[in-house]
């Protein structure tokens, strides 16, 4: 088998800090495959007990919204404030609903 | 390709974000100059972390107690990690790490000159933690509010980890200063050699700095070189006093009127010599770095070949 | 010497000497991620050594601390197996040495989680988790180098062939182990360690498309203080600063 490429692809890393919270994006690692990506991510991002669960995803597998489409993607939500609980005035007795 | 009005609109949006002290994120439109400046600054910062592993790495095998050995290993490991966070941030601007390393290896991009000095004794490890990391922290804390999101976030992570670095360095110096006569002499000798290079870390006087204003506006640089240097000296002189060690600057004195320590003249000719490649360890640092990378080519190729083979086999099996 | 003392030092020395070799490789790894991995391995091993040496000091009862054992014993007093003191060489040498060690150490610490000795049991709890991770890493690399390119395969095979002669010592048993087995410090399950090691190594070498060498003559002596030529350089380097300042605190 002849020599392959020497550069490794990029992987996005997500860490769940503890039970009860979601995985959060923390950065990237380079690795030739998923198993080493997981190990590299563990060494880089969880040295200080920062996590209980790791996801690694090839950067090329991420589909991202285009910043230019910000207007159509996200602004229509801004005027539908009835989706937010603070938009409903309720009597004090049920204020913690 | 954008039309002129479209570019103007993007530029306005970019400027508005900057003026609001908001964050620019990857894939946002940004002026070429902004992108180029950031790539260079972030990459050079990353290179500094990686090269910076070498002077201290030099003492891992000889650390004189197991606790010190463990602490130094953790510190050097952190530096590798910081380099990786920063390469990651630079890559969000569209340049692969391989290309950034190429620019380091061929001299197109630089790293902090402080790492071109040799670590001659165990006390140097203490001096580096105390002075070099101390100076680095001063440069780095403002960058946590840099306008570019990935860089700011990397810096926040780095700053959290960095404070242990300075503390362990100072603790080494304190232990030496309070130790045997030989240990004390070792500490003084290290301070004698690392003081001037450390205050040069803040760069040449502002009057000579080329890009200052634009970088300030873009939140890439928040304070001037002289201001940071002064802050560092004011913080560090009392620390040296606490250690009972003498800073090798006969002109150093406190100016009551100014409320600052005034320092002697810095040898900027020497600074530029080292930056240009004639420092004591420039060759060694680069040859270790380039050597590791080139020697490692067969390893990286093997890993890729394995991944390709297995992807092919998996595809066949699924077919 | 008390068998428990000898035994504890054997494990402590094994960890420290291996850590020392790994530290030599930091800043020379083939990728920065690997510098991180090697320093992570070293850090865990230093931690194990410190815990083991501290315990050795208690067992000995002469007031010696962890640094006494690391810095103030002479070459012939170190009791690590010869495998871990073998010099670094290329990256294949480093990962194969690590793998051959981890494939023994991981099940070893698992077994020791049932030791009759409370301190070793507690220590084993932590070391077992660390070593499981080390094994995962070193194994991953052996497979990738063995089943990578022609060049990596050749280098990996050379490493396996060269280091094989030091693997016999890992499973050696002498009066020390017999005494501790009788005491329940070493659980009976330790008898299976050699087979576990051999099967695990066999499976990995097969997956890596590497040949397992015939056993041949096994080189030993480390466990009783008789080392290889490069060892005195390792010890000299490790101890030089501490020894230049007797009585100093660091």
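Chains as they are written, first to last, in the numbering used here: chain V, 1 to 97; chain D, 98 to 416; chain U, 417 to 666. A virtual CB, placed ideally from N, CA and C, is assigned to each residue, including glycine.
- Each of U:525, U:532, U:561 and U:535 was checked against the Cα of residue 549 of chain U, and the nearest Cα belongs to U:525.
- Using a CB distance cut-off of 7 Å, residue 208 of chain D does not count as an interface residue toward chain U.
- Annotation for residue 195 of chain D: the continuous alpha helix (DSSP H) segment containing it runs 194-202.
- The residue from U:498, U:477 and U:425 with its alpha-carbon nearest to that of residue 464 of chain U is U:425.
- Within chain V, no C-beta atom comes nearer than 9 Å to that of residue 594 of chain U; the closest sits roughly 39 Å away.
- The beta-carbon separation of residue 225 of chain D and residue 292 of chain D, rounded to 12 Å, does not stay under the 8 Å limit for a contact.
- If you draw a 10 Å sphere on the C-beta of residue 462 of chain U, you find 16 or more other C-beta atoms in it, and that means buried.
- Within chain U, not a single residue places a beta-carbon under 9 Å from that of residue 54 of chain V; the smallest gap is close to 13 Å.
- Contact annotation, residue 399 of chain D with residue 564 of chain U: C-beta distance approximately 3 Å; criterion of less than 8 Å satisfied.
- Contact check for residue 585 of chain U against residue 498 of chain U passes: the beta carbons are separated by less than 7 Å.
- With a threshold of 7 Å between beta carbons, residue 417 of chain U makes no contact with chain V.
- Just measuring C-alpha positions, the residue of D:167, D:380 and D:412 sitting nearest residue 156 of chain D is D:167.
- Under the DSSP assignment, residue 185 of chain D falls outside any beta strand (DSSP E), being part of the alpha helix (DSSP H) whose first and last residues are 163-188.
- For residue 193 of chain D, the closest Cβ of chain U is not nearer than 7 Å.
- Its Cα nearest to that of residue 181 of chain D, the residue D:251 stands out among D:251, D:412, D:267 and D:152.
- When 7 Å is used as the limit between beta carbons, residue 166 of chain D is near these residues of chain U: 462, in chain order.
- Taking the Cα positions, residue 205 of chain D is about 47 Å away from residue 416 of chain D.
- The C-alpha of residue 102 of chain D lies about 29 Å from the C-alpha of residue 188 of chain D.
- Nearest to residue 25 of chain V by alpha-carbon distance, out of V:61, V:66, V:47 and V:57, is V:57.
- When the Cα atoms are used, residue 319 of chain D and residue 138 of chain D turn out to be separated by approximately 14 Å.
- Within its own chain, the residues whose Cβ lies closer than 7 Å to the Cβ of residue 588 of chain U, once the five positions on either side in sequence are excluded, are 636 and 639, listed in chain order.
- Annotated three-state conformation of residue 132 of chain D is helix, per DSSP.
- The segment 292-368 of chain D contains, as complete beta strand (DSSP E) runs of 3+ residues, the segments 350-352 and 357-359 (chain order).
- Runs of the alpha helix (DSSP H) spanning 4 or more residues and lying entirely within the segment 478-504 of chain U occur at 482-487, in chain order.
- Residue 6 of chain V has a beta carbon lying within less than 7 Å of a beta carbon in chain D.
- Closer than 7 Å to the CB of residue 61 of chain V there is not a single CB belonging to chain D.
- Taking a Cβ-Cβ threshold of 8 Å, the residues of chain V close to residue 456 of chain U are 43 and 47, in chain order.
- Annotation note: the segment 499-569 of chain U contains the following uninterrupted alpha helix (DSSP H) runs of length 4 or greater, listed N- to C-terminal: 507-528 and 534-562.
- Taking 7 Å as the cut-off between beta carbons, the residues of the segment 4-28 of chain V near chain D are 4, 5, 6, 7, 8, 10, 27 and 28, in sequence order.
- Nearest to residue 55 of chain V by C-alpha distance, out of V:64, V:7 and V:40, is V:40.
- For residue 132 of chain D, the closest Cβ of chain V is not nearer than 7 Å.
- By a beta-carbon distance limit of 8 Å, residue 516 of chain U does not contact residue 429 of chain U. Their separation comes to about 17 Å.
- Annotation for residue 326 of chain D: 296 and 299 place their beta carbon closer than 7 Å to its own, counting only its chain and skipping 5 residues before and after.
- The beta carbons of residue 218 of chain D and residue 283 of chain D sit closer together than 7 Å.
- Residue 28 of chain V sits in a strand when the DSSP states are folded into three classes.
- Shown here, residue 255 of chain D sits in a helix according to DSSP, grouped into three states.
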